[in-house]
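Since the structure comes first, as C-alpha cells, the remarks are kept for the end.
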DNA sequence: ATGTTC
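Residue numbers (my numbering): 246 to 727.
Structure representation (C-alpha cells):
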C-alpha cells in the first residue's frame with residue numbers, strides 16, 4: 246500500500262484526514278495532527294500506512310489518530326491513539342508498545358540557575374553515580390517474590406511504604422501511580438525475574454534523567470499553579486517498566502497472535518494482533534499490563550529518591566528536596582469516558598507514544614491543578630529543549646484527551662549512528678553548557694538531536710491546534726543517559 | 001524500548 250498526498254484531505258491547517266473510503270478494511274477515518282511540513286516529513290515512511298491499518302481495528306471509534314511527533318513503530322505508529330469500544334472492542338499490545346508505561350515526570354526545586362552554575366558538573370557526576378543507567382543494568386534493590394507482587398499491585402505506593410519515596414508525591418501522578426486492575430499472578434516468572442533488580446534504573450535508548458532550567462514562561466497563571474518560574478532548576482525523568490514490561494509485552498503478543506483467530510478478529514498487519522478486551526486473553530493481558538504500569542511508576546518514584554539523594558549530597562542536607570510536579574504515562578491503555586459523535590461512551594484508549602492531556606476540571610487532577618488543566622511534559626531531544634504544556638477541553642473533542650509525547654524520531658537508530666560522531670557531539674554540547682554523561686557512545690549517537698524532529702515545530706502544532714497550551718520552555722544543563 | 005531480532 247502506498248499513500249499519496251492526494252489521498253489526504255485537509256480538514257484544518259493542523260488536521261489531515263484519510264477518509265474511511267480509502268480502504269475497505271477501514272472502520273473509521275485516519276487523522277493526522279500535524280502542520281503541513283511535519284506531514285510532508287512522514288510521507289516517505291510507513292507511519293501513515295500503519296495509521297490506516299489501525300483504522301481497521303475491531304471496535305475502533307471516532308478516528309485512528311496520530312500526533313505531530315509520529316514515527317514508525319511495531320504495528321502501530323508511535324505517537325498513535327486508538328479508542329475502541331468497551332467492553333468488547335479490541336485490545337492490542339502493539340497499541341501500547343513494548344515499554345509499558347514508559348513515561349515522564351518533572352521534579353521542581355527552589356534553586357535558580359545562578360545557584361547551580363559552579364556545581365553543574367559535580368551534580369551531573371553525582372546524579373550519574375546515584376542513578377544506575379544502561380542496557381540490562383540492575384540497581385541496589387533486590388525484590389523477593391513477595392515484594393515483587395506488592396510492587397506490581399501497589400506501584401509507587403510500595404516505594405513510599407519502604408521509604409524510597411514521599412507520600413505527597415502520590416497526588417501528582419497519573420492514576421496516583423497505581424492501576425487497580427493489576428494482577429501479579431498473570432505476570433510470567435521470566436518477567437518477574439527480569440524485574441528483580443531493575444527498580445531505580447533508567448535503562449538505555451531514549452531514557453534519561455535531565456537537569457534543566459526554565460528559559461521561558463509562556464503562561465504565568467498556569468506556571469504558578471504548577472510551581473514553575475523563570476530560571477528555576479527542575480529535574481526530568483524519562484523511563485518505563487524496563488525488562489519486566491518488555492517481557493510481558495513479548496509473552497502476551499505471542500499469546501494474542503495465537504488466540505486472535507478464535508475471536509474472528511482480522512487485521513491487515515500481524516503486528517496489530519488483538520483480541521476482544523473482555524475475552525480471557527484480553528483481560529489477562531490488560532491485568533498484566535496494569536502490573537507493568539505499576540512497576541514503572543514505582544521505578545520512577547525510586548529514581549526520584551536517587552535524584553533527591555544526589556541533590557542533598559551536592560547542595561547540602563538543608564536544601565529543600567525536589568518536589569514532584571507531575572508524572573504521566575505515554576505507553577498505556579486506559580478505560581475512559583469520552584464523547585463519540587456527541588454521545589458519551591466508555592472506551593479502551595490505547596496511547597502509544599502519546600500522553601493524556603485532560604483539560605480543567607478533570608476529577609483525577611490534584612486540587613491545585615484543577616482550574617488550569619493537566620500538566621503535559623514534552624521532552625525534546627538530548628541537548629535541545631523540553632516543554633511543559635497544559636491540557637485543554639479541545640483535546641477531549643479532537644484526540645480523546647491526548648497529546649504528543651516528545652520530539653519524535655526522524656532517523657532510525659542505525660542511520661543516526663552512521664551520521665553522528667558521539668565524542669564530538671558530547672564536546673559540542675559541553676561547550677554549550679550541557680554535560681552529557683552516558684555509559685556508551687552508541688547511546689549518545691542514537692539520541693543525537695539530528696535523529697529527531699524539531700520539537701519546537703511539534704509543540705507549536707499542538708499549541709496551534711489547541712489541544713494543549715504552552716506553559717514553559719526548559720533548557721538542559723546536565724543529561725544522564727544509558 | 002529490550003539480557004538486539006517480539
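Built from N, CA and C at the ideal position, the CB exists for glycine as well.
Reference residue i, options the options, closest by Cα
{"i": "residue 345", "options": "323, 661, 356, 359", "result": "323"}
{"i": "residue 412", "options": "612, 650, 377, 568", "result": "568"}
{"i": "residue 257", "options": "623, 711, 368, 561", "result": "711"}
{"i": "residue 390", "options": "372, 343, 438, 585", "result": "438"}
{"i": "residue 552", "options": "397, 283, 446, 285", "result": "446"}
{"i": "residue 451", "options": "701, 654, 496, 703", "result": "654"}
{"i": "residue 530", "options": "479, 455, 426, 575", "result": "426"}
{"i": "residue 606", "options": "599, 600, 615", "result": "615"}
{"i": "residue 424", "options": "627, 626, 578", "result": "578"}
{"i": "residue 328", "options": "612, 457, 705, 644", "result": "644"}
{"i": "residue 561", "options": "416, 356, 250", "result": "356"}
{"i": "residue 343", "options": "399, 489, 373", "result": "489"}
{"i": "residue 588", "options": "641, 617, 428", "result": "641"}
{"i": "residue 367", "options": "679, 528, 612", "result": "679"}
Proximity of residue i and residue j at Cβ, strictly below 8 Å
{"i": "residue 548", "j": "residue 484", "result": "yes"}
{"i": "residue 523", "j": "residue 363", "result": "no"}
{"i": "residue 633", "j": "residue 296", "result": "no"}
{"i": "residue 339", "j": "residue 321", "result": "yes"}
{"i": "residue 648", "j": "residue 695", "result": "no"}
{"i": "residue 658", "j": "residue 609", "result": "no"}
{"i": "residue 326", "j": "residue 583", "result": "no"}
{"i": "residue 693", "j": "residue 670", "result": "yes"}
{"i": "residue 478", "j": "residue 463", "result": "no"}
Assigned secondary structure, residue i (DSSP; H/G/I helix, E/B strand, else coil)
{"i": "residue 418", "result": "strand"}
{"i": "residue 372", "result": "helix"}
{"i": "residue 347", "result": "coil"}
{"i": "residue 609", "result": "coil"}
{"i": "residue 467", "result": "helix"}
{"i": "residue 477", "result": "strand"}
{"i": "residue 324", "result": "strand"}
{"i": "residue 650", "result": "coil"}
{"i": "residue 636", "result": "strand"}
{"i": "residue 256", "result": "strand"}
{"i": "residue 706", "result": "helix"}
{"i": "residue 590", "result": "strand"}
{"i": "residue 451", "result": "coil"}
{"i": "residue 439", "result": "helix"}
Same chain only: Cβ atoms within 6 Å of residue i, ignoring 5 sequence neighbours per side
{"i": "residue 435", "result": "492"}
{"i": "residue 486", "result": "345, 346, 537, 540, 541"}
{"i": "residue 379", "result": "449, 684, 727"}
{"i": "residue 403", "result": "395, 396, 543"}
{"i": "residue 313", "result": "278, 279, 283, 649, 703, 706"}
{"i": "residue 270", "result": "301, 513"}
Proximal residues to residue i (C-beta, below 7 Å), its chain only, five neighbours per side dropped
{"i": "residue 418", "result": "401, 542, 572"}
{"i": "residue 624", "result": "349, 481, 483, 631, 651"}
{"i": "residue 252", "result": "263, 267"}
{"i": "residue 508", "result": "520, 521, 524"}
{"i": "residue 697", "result": "626, 652, 653, 654, 655"}
Distance between beta carbons of residue j and residue i, contact taken as under 8 Å
{"i": "residue 292", "j": "residue 513", "result": "The Cβ separation is near 15 Å, so there is no contact."}
{"i": "residue 248", "j": "residue 294", "result": "6 Å"}
{"i": "residue 599", "j": "residue 575", "result": "6 Å"}
{"i": "residue 581", "j": "residue 409", "result": "Contact flag wrong, Cβ pair sits at about 30 Å."}
{"i": "residue 725", "j": "residue 369", "result": "7 Å"}
Close beta carbons around residue i, own chain, < 8 Å, minus the five adjacent residues each side
{"i": "residue 554", "result": "375"}
{"i": "residue 260", "result": "276, 277, 278, 643, 710"}
Cβ-heavy atom distance, residue i to the ligand COA, below 7 Å
{"i": "residue 316", "result": "Among the ligands in the structure shown, none appear at all, so the ligand COA cannot be discussed."}
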